[in-house]
Structure formats: structure tokens, C-alpha cells
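What follows is a short report on a single structure.
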Amino acid sequence: MTTKRAASPTNDSEPVLKKQSREPSPSPHRQQTGSAVQSAKDQQKADALKRLRNDVALFRKEIRSSTIYKDDQYQYRHVTLPRQIAAHLPHGGLKTLLRENDYRRLGVGISGGWEHYMIYQPEPNILLLRRRHETARKMDEEYKVYLQQKKDQEAAAAKTSQNTQSERTKRSIRTATDGGD
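Positions 1192 to 1372 (my numbering) are the ones given, in order, by the sequence shown.
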């Protein structure tokens, strides 16, 4: 910051020290341009997301998953994406590994715990996935618990429905009997 002497409004003979900034004040034109650029980028992202959702809806049935194969530490599988969906892979192409939410957004619907660990360079539309055996066991146990809870909830709902139907039948019989007297 620099100081600049300015004349006092009351007395021109007495100098007054006034602080002046060297930073240019932001111009409204520059702010509008930045907003327009940001808005255009947001629109491009929205359009790309819309295209992705459309392509996933159209080509999801063409996604192919291999059977699971394993070694001492890991279970492996590969998922082949159709070219239309693979076009939405990150532009890093051969350098970007996907997180679970990324490949799920591309329409890959497999059990949890898989990590994209390597890119097959000749065909980047093939996702190479793996998970540790411990993770697989944990996921299997959680799935069994989930299925049991679902079965219990359905049984409870059926019993409640049956009891409700039974009560309605009893009421209608009472009403019919009371009305006949």
C-alpha cells in the first residue's frame, strides 16, 4: 500500500494522508464474465450427466460381468462396459482408477467391496476388479443377515395382514348377526 497526499476539503494548504491500494478494484464486467464461464461449465456438466444417465438406461443390459476367480489373497472379476458407456470414463483414460461410486454411476451393479485395481490398456472399457477374501466373507455374512431380516419382516407383515383380515371378518360376522336380530 502506498500513501498519497490529498488536499483537505476545508483547507487546501493542509495536506491529508490518504491510503491508496495498489490492487485494482474488481470490475463488474470481469465478474460477469467469470459468472458466465462458471454457468457454461455448470451447464456442460449437467448435459454430460444427462447423457450419461441416458446411455446407462439404454445400454445397462449390455454390461457383462465375469465369474469370480481367485488366488490366495483376492477374488477377481472383470466387467465389460459397452463402448457407449465407456465413452463416459474419465478423460485420464489409462491413468484413472474408478472408485465404487464411480463404476456404479456407470451402471455396474455388482455386490459391494470391489476395487478397480488395474486398467487393461488395450481395452479400457474392461474394468478389472478385486476384493480381499475377508471382505468377501464379511459381505456374504452381511447379505445373509439382510436376507433373514427381510424374511422376518415379510413374515411379520403377513401375520399382521392375516390378523387384520381375521378381525375384519369377525366384525362383519358380528354386524351381520346383530343386524339380523
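Glycine is no exception: its CB is placed at the ideal position from the N, C-alpha and C atoms. In this text the structure is predicted, and so the values were computed from the model without any measurement.
Among the bridge pairs identified by DSSP, Ser1256 is matched with Val1270. 8 Å or more divides the Cβ of Val1299 from the Cβ of Ile1259.
A Cβ-Cβ distance of about 4 Å is found for the pair His1307 and Leu1289, placing them in contact under the 8 Å criterion. In the displayed model, Ile1301 falls within coil according to three-state DSSP, outside both helix and strand. Shown here for His1269: same chain residues with a beta carbon closer than 6 Å to its own, the five before and five after excluded, namely Ser1257, Ile1317, Leu1319 in chain order.
Taking a contact as a CB-CB distance under 8 Å, the pair Gln1264 and Arg1323 counts as one, their CB atoms being some 6 Å apart. Closest option to Lys1261, judged by alpha-carbon separation, among Glu1325, Asn1245, Ser1230, Tyr1294: Glu1325. If the five residues before and after Tyr1311 are omitted, its C-beta is found closer than 7 Å to the C-beta atoms of Ile1317, Leu1319, all from its own chain and listed in chain order.
Membership of Arg1295 in any beta strand (DSSP E) is not indicated; the residue belongs instead to the alpha helix (DSSP H) covering 1291 to 1296. The beta carbon of Val1228 is closer than 6 Å to none in its chain, skipping five residues each way along the sequence.
Going by DSSP, Leu1320 is part of the beta strand (DSSP E) stretching over 1317 to 1323. Assigned with DSSP and collapsed to three states, Glu1345 falls in helix.
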